[in-house]
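This report concerns only the one structure given below.
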Amino acid sequence: MTINPDLQGRSYPAGEVYTVGREKIREFAQAVKATHPSHFDPEAARALGHRDVVAPPTFAIIIAQRADAQLINDPEAGIDFTRVVHADQRFIHHRPIIAGDELVAELHVDQVRAMGGGAMITTRAEISTVEGEKTATTTSSILVRGEEQ
Amino acid sequence: MTISLTDLEVGQEIGRSSLDVTRLDLVKYAGASGDFNPIHWNESFARGVDLPGVIAHGMFTMGAAVQAVTDWIGDPAAVIDYQTRFTRPVVVEDTTARPGSAGAVIGVVGVVGAVDPDNSTARIDLTVSAGGQKVLVKAQAVVRIW
């Protein structure tokens, strides 16, 4: 299976709205072994000036990977999900993600490079609130390993 | 906790931690994140795609490592930029026969990498290792210091 080089420059428009739940923030925080009270206790979050509990710094991966799924599941892309390895990741936060936020993500395929029998694909998700306020920019590179890698 | 930019020196350690990881942790992370790739919970599947065994989600390691920064700065919202490269998989052993023991241990050390008074930010460089080898490279968190 080969990766379609024409993917570079492609964009996928914002899809379904992701509503950030308080319990999801708590669950995600526990899953990354975070203990800071502002992830769990609304009062602790308010004491820091936040409206509700605050998401951990990598929480946006949930929304980014949902956006990435549009690409990975695109039959035209030619990506075998079981051969995908995460190569790098970056989160730029324009403002914190807080319980109650309603977020959407627009996905951009910034780069596709052939590597061995596979390919390195760099995507960028521009995450904003449904009102249009920029929230986070995430960039991610995945290596789709060729059969011999 | 109040941290002042002027008190920070490049090279200063801000925190360190040691995290025990089990396959249950990976299942919890899969559920919390929505990343159900079987290489993170199914041994035979992982070996079938030429991996040494079940490996941790890179995003689990990245997410767990940044807690040293959050706990030090005192507000998760202060972390305005966080990046890493994933260079080596963290293999998490099956500990079914050894309840309570870790399938992998991830070590995290954070030091001040740079101080930027113009933007009121500091860069924290994280050294993240497992089994004596670095698993993240260029793991850097930029924090805003008010």
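Going down the list, the protein sequences come from chains V and S. Number 58 in my numbering belongs to position 58 of the first sequence; there are no gaps in the numbering. In short: position in the second sequence from 1, add 1000, done, that's my numbering. Quick reminder that beta carbons are idealized off the backbone N, C-alpha and C, glycines included. Since this is a predicted model, take the numbers as computed values, not measurements.
- Task: Would you mind sorting residue 143 of chain V into buried or exposed? The rule is 16 or more other CB atoms within 10 Å of its CB.
- Result: buried
Query raised in the report: Name the chain V residues whose beta carbon is nearer than 9 Å to that of residue 1098 of chain S?
Result: Under the 9 Å cutoff, chain V gives no residues; its nearest Cβ is about 20 Å from residue 1098 of chain S.
Next item on the list: Give the straight-line distance between the Cα atoms of residue 1040 of chain S and residue 87 of chain V, rounded to the nearest whole angstrom.
Entry: Whole-angstrom Cα-Cα distance: 16 Å.
Q: Evaluate the contact criterion for the segment 18 to 26 of chain V versus the segment 99 to 106 of chain V: three or more CB pairs, one atom per stretch, below 8 Å.
A: yes
_Tell me whether the segment 1122 to 1129 of chain S and the segment 1139 to 1146 of chain S touch, counting them as touching only if at least three CB pairs, one residue from each stretch, are closer than 8 Å._
Because the criterion of three Cβ pairs below 8 Å is met, the segment 1122 to 1129 of chain S and the segment 1139 to 1146 of chain S touch.
- Option in V:55, V:33 and V:13 with minimal Cα separation from residue 41 of chain V: V:55
- Item | Cross-strand partners of residue 92 of chain V (DSSP beta bridge) | V:137 and S:1081
Buried or exposed for residue 124 of chain V, please, with buried defined as at least 16 other CB atoms from any protein chain shown within 10 angstroms of its CB.
-> Result: buried.
(request) Decide if residue 1131 of chain S is buried, meaning its Cβ has at least 16 other Cβ atoms within 10 Å, or exposed. (result) exposed
Straight-line CA distance for residue 1105 of chain S to residue 146 of chain V? C-alpha separation (whole angstroms): 30 Å.
(request) May I ask you to report which of helix, strand or coil DSSP gives residue 1130 of chain S? (result) strand
Assuming the contact rule is C-beta atoms closer than 8 Å, residue 8 of chain V and residue 111 of chain V should be a hit. Round their C-beta distance to whole Å, please. 6 Å
**Study point:** Own chain, CB closer than 7 Å to residue 1012 of chain S, minus 5 neighbours either side, in chain order
**Key:** 1111 and 1112
Q.
For residue 1079 of chain S, tell me which candidate among V:77, V:69 and V:59 has the shortest Cα-Cα distance.
A. V:59
(Q) What are the residues in the segment 1015 to 1041 of chain S lying within 8 Å of chain V by C-beta distance? (A) 1019, 1025, 1028, 1029, 1031, 1032, 1033, 1034, 1035, 1037, 1038 and 1039
What does residue 1049 of chain S touch in chain V if you count any residue whose Cβ is under 7 Å from its own? 82 and 83
Self-check item: Proximal residues, the segment 19 to 47 of chain V versus chain S, C-beta separation under 8 Å
Solution: 24, 27, 28, 30, 31, 32, 33, 34, 35, 36, 38 and 39
Could you confirm whether any beta carbon from chain V is found closer than 8 Å to the beta carbon of residue 1127 of chain S? no
**Request:** Please name the residue in V:129, V:39, V:53 and V:72 whose C-alpha comes closest to that of residue 3 of chain V.
**Result:** Distance from the Cα of residue 3 of chain V is smallest, within the candidate group V:129, V:39, V:53 and V:72, for V:72.
Would you say residue 1067 of chain S lies against chain V (beta-carbon separation less than 8 Å)?
yes
Exercise for the section: Pick out whichever of V:116, V:61, V:120 and V:95 has its Cα sitting closest to the Cα of residue 175 of chain V. Expected result: No statement about residue 175 of chain V is possible, as the shown extent of chain V runs from 1 to 149 and does not include it.
Practice item. Could you please give the first and the last residue of the uninterrupted beta strand (DSSP E) stretch that includes residue 35 of chain V? Key: Neither: residue 35 of chain V is in no beta strand (DSSP E) and is coded neither H nor E.
Could you list which residues in chain V have their beta carbon closer than 7 Å to that of residue 1084 of chain S, in chain order? 88 and 89
Where the alpha helix (DSSP H) through residue 1071 of chain S begins and ends: 1067 to 1073
Beta-carbon neighbours of residue 1075 of chain S, restricted to chain V and to distances below 7 Å | 38 and 48
Determine the chain S residues that contact residue 65 of chain V at a beta-carbon separation under 8 Å, and present them in chain order. 1033, 1034 and 1035
Along the segment 88 to 119 of chain V, what residues have a CB closer than 7 Å to any CB found in chain S?
88, 89, 90, 91, 92, 93 and 96
Which term fits residue 126 of chain V, buried or exposed, when burial requires 16 or more other beta carbons within 10 angstroms of its beta carbon?
buried
### Query
Can you name, in chain order, every residue of its own chain whose Cβ lies under 8 Å from the Cβ of residue 1026 of chain S, other than the five neighbours on each side?
Closer than 8 Å at Cβ, skipping near neighbours: 1040, 1041, 1054, 1056, 1057, 1060 and 1092.
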